[in-house]
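Counting from 1, one number per residue, gives the positions in the sequence shown under UniProt numbering. Every residue, glycine too, gets a C-beta built ideally from N, C-alpha and C.
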Amino acid sequence: MSRPRAKLTSSFPGCPVESTLSFLDGKWKGVILFHLLDGKLRFNELRRKLPSVTQRMLTKQLRELEEAGIVSRTVFPVVPPRVDYALTDVGCSLKPVIMALAVWGARNVVCHDGRNVIRLADETETASPGRDAA
Numbered sequence: 001m002s003r004p005r006a007k008l009t010s011s012f013p014g015c016p017v018e019s020t021l022s023f024l025d026g027k028w029k030g031v032i033l034f035h036l037l038d039g040k041l042r043f044n045e046l047r048r049k050l051p052s053v054t055q056r057m058l059t060k061q062l063r064e065l066e067e068a069g070i071v072s073r074t075v076f077p078v079v080p081p082r083v084d085y086a087l088t089d090v091g092c093s094l095k096p097v098i099m100a101l102a103v104w105g106a107r108n109v110v111c112h113d114g115r116n117v118i119r120l121a122d123e124t125e126t127a128s129p130g131r132d133a134a
């Protein structure tokens, strides 16, 4: 898990939001979980869905999610090696949270000049929330 937020939880031991975010904290974890909502994926399938992430970072984020019990990793004894990743029951319980983030992002975040910014209240344009939000 990302250490900075993990250190913060000791300052707020009774805060369930901080405690939960300590498991999900990481640039790619939310997007990984979003893609795994559709079912198990092989490592390279995840890499193709996340072209901006390096192999090292994807491996690190997946290991942290596995260590937290949110993602399972299945290694098949074949050549070339095959590794599948899937959400555990605990990971599946995060579906409403991930989908709420996707809906909120579709409604409130727009891309301007390659940067994501929060849509201002006076902008009337509406985005359709959907699975392709991430």
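For residue i, list the residues DSSP reports as bridge partners.
i	result
C111	N116
F76	R82
L41	Y85
So for residue i, helix, strand or coil by DSSP?
i	result
D89	helix
V71	strand
R59	It is Thr, not Arg, that sits at residue 59 in the sequence shown. It is helical.
residue 139	What is shown of the chain runs 1 to 134, which leaves residue 139 out entirely.
V31	helix
A121	coil
G50	According to the sequence shown, residue 50 is Leu rather than Gly. Three-state DSSP puts L50 in coil, outside helix and strand.
L65	helix
L94	coil
Which value, in whole angstroms, describes the spacing of the CA atoms of residue i and residue j?
i	j	result
residue 136	E64	Residue 136 cannot be examined here, being either before or after the span of the chain that is shown, 1 to 134.
K29	K60	10 Å
S93	W104	19 Å
F76	V83	6 Å
D89	A106	26 Å
P96	E45	23 Å
V17	M57	25 Å
T54	G69	23 Å
R115	K40	30 Å
V71	H35	12 Å
C15	D113	37 Å
V78	L101	37 Å
T74	A121	45 Å
Looking at the secondary structure, which residues open and close the alpha helix (DSSP H) in which residue i lies?
i	result
V17	16-24
K27	Run containing K27: none; DSSP gives neither H nor E here.
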